[in-house]
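Participant: Attaching a single structure in structure tokens format; questions to follow.
In the numbering used here, the protein residues as written are 55 to 293.
Structure, rendered in structure tokens:
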């Protein structure tokens with residue numbers, strides 16, 4: 055008997071068993087893989103509408119947020135334009151000026167004016183929007199400098215109505231209200247006469263006697279700006 059013949063047969067049998075086990079395991083793995091492959095499209099198909107809905111909702115939220123941010127940017131840019139305008143004209147605003155222009159006067163109707171019951175007493179007085187309409191029209195008409203009740207203003211000067219008086223900057227005034235603007239008289243008059251809000255006001259002038267005067271002036275003398283020349287920025291408060 056040749057030495058080593060039995061161990062050789064044993065090794066061959068062991069190798070065959072190993073190969074068989076490998077085949078069985080491989081078959082199981084292939085079968086499981088095929089099962090997963092068949093199941094995956096079904097799962098994706100079932101989840102697809104949900105995923106699309108989530109995606110659309112996410113896009114909608116992003117678009118809404120983008121719109122809000124854009125509005126904030128536009129507001130900041132507008133404020134920045136006014137700020138830069140005032141900064142560029144700071145030396146001019148800090149000095150009294152003179153030149154040709156126009157003068158507009160607004161006043162309440164006379165106390166004894168006769169009206170029918172359809173008219174409210176509130177319609178017979180000058181309002182903040184009336185003063186603002188004149189100011190805006192004059193700025194659009196190319197006003198180089200402006201004053202309300204003798205107070206020099208800029209496009210950012212607050213003019214507010216408080217009861218039956220107006221607040222210009224930090225000073226209160228009663229009617230009549232005088233608005234002066236330096237610039238081309240023809241352009242300023244044209245801008246005022248063609249403003250839709252002022253045209254409505256003039257209808258009340260003709261019907262109920264609200265006060266209105268628009269005069270050209272060869273020379274207007276406007277004072278220096280005393281308010282609104284300085285800007286303050288927000289500061290972080292330290293804990």
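Yeah, the Cβ is synthetic: ideal placement off N, Cα and C, and Gly gets one too. As the structure is a prediction and not an experimental result, all values here were calculated from the model.
So, are the CB atoms of residue 242 and residue 151 less than 7 angstroms apart?
Facilitator: Along the chain shown, one-based indexing puts residue 242 at 188. Along the chain shown, one-based indexing puts residue 151 at 97. Cβ distance not < 7 angstroms, so residue 242 and residue 151 don't count as in contact.
Participant: If you follow the beta strand (DSSP E) that residue 218 is in, where does it begin and where does it stop?
Facilitator: As a first step, residue 218 must be located in the chain shown, where it is residue number 164. Counting along the chain, no beta strand (DSSP E) covers residue 218, and no H or E run does either.
Participant: Look up residue 159 in the DSSP assignment and give the residues it is bridged to.
Facilitator: Here the question's residue 159 lines up with position 105 in the chain shown. Note: residue 159 is bridge-paired with 232, 267 in the DSSP secondary-structure output.
Participant: Roughly how many angstroms lie between the CA atoms of residue 261 and residue 229, to the nearest whole one?
Facilitator: As a first step, residue 261 is located in the chain shown; it is residue number 207 there, counting from the start. As a first step, residue 229 is located in the chain shown; it is residue number 175 there, counting from the start. Distance between the alpha carbons of residue 261 and residue 229: 20 angstroms.
Participant: Name the residue from 198, 258, 200 whose alpha carbon lies nearest to the alpha carbon of residue 266.
Facilitator: For this step, residue 266 is matched to residue 212 along the chain shown. The shortest Cα separation from residue 266 among 198, 258, 200 belongs to 258.
Participant: Can you tell me which of 234, 189, 196 puts its alpha carbon nearest to the alpha carbon of residue 212?
Facilitator: On the chain shown, residue 212 is found 158 positions in, with the first residue counted as 1. Residue 189 is the option with its Cα nearest to residue 212.
Participant: Whole angstroms is fine: what's the gap from residue 201's alpha carbon to residue 215's?
Facilitator: For the purposes of this step, residue 201 is identified with residue 147 of the chain shown, where counting begins at 1. For the purposes of this step, residue 215 is identified with residue 161 of the chain shown, where counting begins at 1. Taking the straight line joining both Cα atoms gives about 17 angstroms.
Participant: Put residue 274 into one of helix, strand or coil per three-state DSSP.
Facilitator: One-based indexing of the chain shown puts residue 274 at position 220. Note: residue 274 maps to strand in three-state DSSP.
Participant: When the Cα atoms are used, what is the spatial distance from residue 184 to residue 111?
Facilitator: Along the chain shown, one-based indexing puts residue 184 at 130. Along the chain shown, one-based indexing puts residue 111 at 57. Cα-Cα distance, rounded: 46 angstroms.
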